[in-house]
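Numbering (the working numbering), first residue to last: 59 to 600.
Every residue gets a Cβ at the ideal spot worked out from N, C-alpha and C, and that includes glycine.
It should be emphasised that the depicted structure is a prediction, and the values quoted were computed from it without experimental measurement.
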């Protein structure tokens with residue numbers, strides 16, 4: 059059974075939180091992409107213990123050294139294609155050989171970092187230097203981060219290059235002699251590319267044309283260009299040089315092939331190191347993620363519960379911070395059966411609902427959660443009916459879509475999951491909406507799934523195992539409203555005084571009338587507010 063769908067991911071703004079997890083290597087990002095929902099409590103505890111061990115060491119590392127470690131990891135490139143090409147018998151290019159050489163150097167340095175910094179789990183995930191292969195790619199031990207096919211790779215190659223260098227020196231000597239003669243005879247210097255430019259009005263032009271040291275090349279309206287005349291000896295030397303170059307290229311290709319085979323034989327170890335570095339990269343990314351969201355390690359419980367102390371919803375918290383405002387932390391504890399959250403619109407019920415889903419999901423992904431502390435049991439699925447589910451594809455209304463969604467979740471309610479329902483039946487008439495909400499609440503209360511519902515229908519709470527109420531405006535000083543006239547100021551008053559914290563509501567306890575309070579603040583006539591209040595009390599008494 060799939061844990062959740064895109065609707066749930068979007069409902070809890072999961073991607074916003076995951077964007078704080080930023081590996082710097084392709085292998086770390088591959089591990090991130092493979093992070094899934096874990097349903098084993100033992101494996102989750104093991105993962106969080108590993109993170110705790112890494113984080114403790116990371117915290118103790120001097121900042122400069124830690125930055126160097128992160129920078130060194132960031133130098134690792136995605137060479138999987140080159141590794142596979144070598145394994146499959148292809149000859150790697152000089153660029154690929156250079157990248158493998160550089161990769162081996164980084165692996166060696168990261169192994170030293172791992173040991174020097176005392177990072178945990180070395181036997182399991184510590185990178186291992188590959189000195190033999192590294193020596194093959196740097197036979198002279200220069201340590202220079204370039205790739206070159208050295209003479210030391212082959213006696214034959216060294217001999218070919220020696221002969222070619224000797225012949226090229228001889229050719230340069232011949233050319234230099236010709237240039238000296240031209241300078242002596244005509245007092246003209248030949249350019250480095252072997253060209254001589256003579257003005258058309260130069261009185262020596264005819265003499266230069268007749269010289270056996272030069273050949274006519276081309277001309278324009280101002281000058282005539284000549285090239286050096288090659289002697290028979292020079293032509294023979296250049297033919298021999300060309301032949302040696304072909305032999306040199308063939309020998310270099312043979313060496314590339316030999317090196318590629320050796321790299322191919324080390325395919326497994328090259329890959330192992332890549333993915334070990336990827337794991338280290340991901341743990342470092344989780345360390346920075348924890349700091350970015352002010353996260354805490356959740357306690358993984360054997361019970362099917364979700365307990366959150368002073369939790370916050372990252373997207374909303376960050377948005378409020380930009381406005382210079384604080385997010386009111388939320389504390390809530392839910393278990394199997396139905397939990398109802400009541401309160402007026404603008405009271406933060408939906409945020410509480412989303413926070414519960416986010417904490418459950420992050421904990422089962424193996425990530426720290428945004429709260430002061432959390433205790434989370436494993437859920438086998440997560441379904442949510444949140445927001446406007448109206449579908450243009452199926453033709454379902456909002457009400458039809460949410461009922462369809464909840465019906466699907468009810469079919470698997472015995473599987474021990476998490477179900478979040480926000481304002482069920484808001485799209486139908488109040489009487490039917492109340493009846494449907496109450497029936498769903500009571501039915502799910504007997505199931506081993508954690509169901510959390512937000513609703514305007516206060517009496518529904520009598521059919522649930524737990525009832526939370528948003529504190530709302532119950533502590534607001536309404537005398538401050540005198541003199542407030544503008545819509546902006548009224549909204550500011552509501553935002554400043556709205557207490558989003560939840561409290562356990564005892565049966566029979568008076569429910570705050572936040573909808574009436576908000577209506578009054580926003581300027582609804584007092585006569586209407588008084589009539590509504592009277593009707594409300596009558597309904598409550600009945």
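Item: Can you check which of these residues, 203, 582, 117, is closest to residue 157 by C-alpha distance?; Value: 203
Item: When the Cα of residue 147 is compared with those of 128, 208, 314, 135, which residue comes out closest?; Value: 314
Item: Residue 164 and residue 183 - do their beta-carbons sit closer together than 9 Å?; Value: no
Item: Does residue 129 come out as helix, strand or coil in the three-state DSSP assignment?; Value: helix
Item: Just the C-alpha distance for residue 104 and residue 367, rounded to the nearest angstrom, thanks.; Value: 23 Å
Item: Here's a check: name, in chain order, each residue in its chain whose Cβ is nearer than 6 Å to the Cβ of residue 373, leaving out the five neighbours to either side.; Value: 71, 74
Item: Check the DSSP bridge columns for residue 284 and list the partner residues they point to.; Value: 254, 274
Item: Would you grab the beta carbon distance between residue 663 and residue 347 for me? Rounded to a whole angstrom, and I think it's under 8 Å.; Value: Examination of residue 663 is not possible in this model, given that the chain is present from 59 through 600 alone.
Item: What residue range is occupied by the uninterrupted beta strand (DSSP E) comprising residue 433?; Value: 431-435
Item: What does a CB cutoff of less than 7 Å around residue 295 pick up in its chain, not counting 5 residues either side in sequence?; Value: 225, 228, 229
Item: Nearest to residue 270 by CA position, among 254, 288, 283, 178, is which residue?; Value: 288
Item: Given 8 Å as the limit, is there contact between the stretch 554-564 and the stretch 417-434, that is, 3 or more CB pairs closer than that?; Value: no
Item: Just checking my contact of residue 498 with residue 432 at CB under 8 Å: how many whole Å lie between their CB atoms?; Value: Not a contact, Cβ separation roughly 27 Å.
Item: Go ahead and label residue 59 buried or exposed: buried means 16 or more other beta carbons lie within 10 angstroms of its beta carbon, across all protein chains shown.; Value: exposed
Item: Would you report the Cα separation of residue 240 and residue 281, rounded to the nearest angstrom?; Value: 17 Å
Item: With three or more C-beta pairs closer than 8 Å as the rule, is the stretch 134-144 touching the stretch 297-313?; Value: no
Item: Given this structure, state the Cα-to-Cα distance separating residue 94 from residue 437, to the nearest angstrom.; Value: 13 Å
Item: Identify which residue in 399, 162, 290, 167 has its Cα closest to the Cα of residue 129.; Value: 167
Item: The beta strand (DSSP E) spanning residue 511 covers which residue range?; Value: 508-513
Item: Would you kindly check if the distance between the Cβ of residue 365 and the Cβ of residue 434 is under 9 Å?; Value: yes
Item: Locate the alpha helix (DSSP H) running through residue 265, then write down its first and last residues.; Value: 263-268
Item: Determine the direct distance from the alpha carbon of residue 101 to that of residue 122, and round the result to whole angstroms.; Value: 33 Å
Item: What does the Cβ neighbour count give for residue 582, buried or exposed, with the cut at 16 atoms within 10 Å?; Value: exposed
Item: Does DSSP put residue 134 in a helix, in a strand, or in coil?; Value: coil
Item: Roughly how many angstroms lie between the CA atoms of residue 245 and residue 290, to the nearest whole one?; Value: 25 Å
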